[in-house]
Amino acid sequence: MKKKIFLFTIIIAVLAVVLAGCISKPPHKTFSDPWDNYEQITYDVTRTLKDGSVIKGVSVMTTERLTNQTINIGKNELQNFSGTVITIDTKLEDNSTMFAQVAFKPSFEPVASYKNIAITGHSGSQPETNINQTTDISYNNEKCYYSTNFDGVETNDEIKVGKWIKKPYYDNLMLYHIARSSYMNGKFTAISTKVLSVSDFKMKTLTVAQNKASAITPIFGESEGGILADEVKLTLNQTFPGTGAPMVVTLSKQTSEDYNGLKLSTDRIPLIIKEGDIEYKIKAYVSAQSAPTNN
């Protein structure tokens with residue numbers, strides 16, 4: 056009897072270890088990266104103010120894989136950098152602008168980021184007055200070093216973020232790509248992880264969940280049909296100008312030689328991004344695969 060109890064205890068202990076391993080796998084171990092070596096997406100931007108008036112604009116998101124290159128992200132020079140660099144350049148009709156960059160390793164560990172926003176204020180909406188903010192960030196030696204200039208007030212400080220491989224964290228500007236990467240073998244995986252908030256420079260929890268799965272979605276207002284897509288919700292958002300609302304991303308789930316004039320050479324392309332009172336809708340897509348060749 057004692058022998059049977061002992062064997063039963065051993066089996067339970069082994070199962071506990073196996074199950075713990077299944078549910079405690081770090082987020083980056085379940086990530087995949089669908090983007091090409093070079094990818095540029097252009098979005099039509101629409102911001103709807105509280106009074107119902109609309110401000111239009113354009114945003115260009117460029118994603119590029121680099122190998123052993125020296126690059127500059129804001130004030131930070133990165134030598135022999137290998138990984139992915141994302142650049143976001145946004146301009147609105149009211150002269151609001153945002154220019155941002157983030158660099159991260161193939162493992163998704165962030166290295167540095169930069170963001171400058173100059174936003175025109177509108178009465179009754181956020182912000183009501185003009186703001187101009189610049190943020191420089193680098194991650195090194197288990198710390199985040201940041202330098203900011205918010206409307207003329209400068210700050211230089213650091214916070215401890217810990218060892219990345221033990222407790223992965225991500226930069227706020229990586230959120231779109233985290234949403235794209237939350238898939239393995241084509242299946243979405245809900246995640247909960249830490250992201251540095253630039254509003255108060257504290258680590259906050261990001262959750263990525265699926266709202267809709269593999270639905271035919273009319274991106275351009277089609278009366279019939281559309282494109283196969285997922286809708287993914289992120290509870291920690293990177294907004295511009297920002298209202299604090301969660302971010303919702305519509306991701307393609309199929310390739311297409313011609314979808315409303317777009318050649319989509321890979322899936323999980325952000326087609327529509329909604330951030331509070333702002334919507335980004337894809338206008339053009341070019342990648343290393345879809346770019347035209349000169350014969």
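Mapped onto this note's numbering, the consecutive letters of the sequence shown carry residue numbers 56 to 350.
Ideal Cβ positions, reconstructed from N, Cα and C, are used throughout, including at glycine.
Computed from a prediction, not measured in an experiment: that's the story for all the values here.
Proximity below 9 angstroms, CB of residue i to CB of residue j
{"i": "residue 217", "j": "residue 168", "result": "no"}
{"i": "residue 305", "j": "residue 327", "result": "yes"}
{"i": "residue 141", "j": "residue 153", "result": "no"}
{"i": "residue 186", "j": "residue 205", "result": "yes"}
{"i": "residue 335", "j": "residue 114", "result": "yes"}
{"i": "residue 139", "j": "residue 232", "result": "yes"}
{"i": "residue 103", "j": "residue 337", "result": "no"}
{"i": "residue 188", "j": "residue 203", "result": "yes"}
{"i": "residue 248", "j": "residue 260", "result": "yes"}
{"i": "residue 262", "j": "residue 289", "result": "yes"}
Rounded Cβ spacing between residue i and residue j (contact assumed at less than 8 angstroms)
{"i": "residue 307", "j": "residue 87", "result": "With a Cβ gap of about 15 angstroms, residue 307 and residue 87 do not count as contacting."}
{"i": "residue 287", "j": "residue 265", "result": "6 angstroms"}
{"i": "residue 100", "j": "residue 147", "result": "6 angstroms"}
{"i": "residue 170", "j": "residue 190", "result": "5 angstroms"}
Euclidean distance between Cα positions of residue i and residue j
{"i": "residue 213", "j": "residue 164", "result": "18 angstroms"}
{"i": "residue 360", "j": "residue 342", "result": "Because the chain in this structure spans residues 56 to 350, residue 360 falls outside the shown range and cannot be described."}
{"i": "residue 301", "j": "residue 135", "result": "36 angstroms"}
{"i": "residue 131", "j": "residue 109", "result": "37 angstroms"}
{"i": "residue 242", "j": "residue 223", "result": "21 angstroms"}
{"i": "residue 155", "j": "residue 254", "result": "15 angstroms"}
{"i": "residue 234", "j": "residue 96", "result": "16 angstroms"}
{"i": "residue 193", "j": "residue 240", "result": "32 angstroms"}
{"i": "residue 227", "j": "residue 331", "result": "16 angstroms"}
{"i": "residue 257", "j": "residue 318", "result": "40 angstroms"}
{"i": "residue 344", "j": "residue 85", "result": "25 angstroms"}
{"i": "residue 201", "j": "residue 312", "result": "43 angstroms"}
{"i": "residue 123", "j": "residue 133", "result": "10 angstroms"}
Neighbour flag for residue i against chain D, beta carbons, 9 angstroms
{"i": "residue 205", "result": "In the structure shown, chain D does not exist; there is a single protein chain."}
Validate contact between the stretch 119-139 and the stretch 271-291 using beta carbons, cut 8 angstroms, 3 pairs: no
Unbroken stretches of the beta strand (DSSP E), 3 residues or longer, contained in the stretch 246-315: Within the stretch 246-315, the complete beta strand (DSSP E) runs of at least 3 residues are 246-252, 257-272, 282-289, 302-307, 311-314.
Beta strand (DSSP E) runs contained entirely in the stretch 119-195, provided each spans 3 or more residues: Runs found: 131-147, 152-159, 165-174, 186-195.
Runs of beta strand (DSSP E) wholly within the stretch 80-109 (minimum 3 residues, chain order): Entirely contained in the stretch 80-109, the beta strand (DSSP E) runs reaching 3 residues are, in chain order, 93-103.
Just to confirm the assignment: which complete alpha helix (DSSP H) runs, minimum length 4, are found wholly within the stretch 214-248? 230-236
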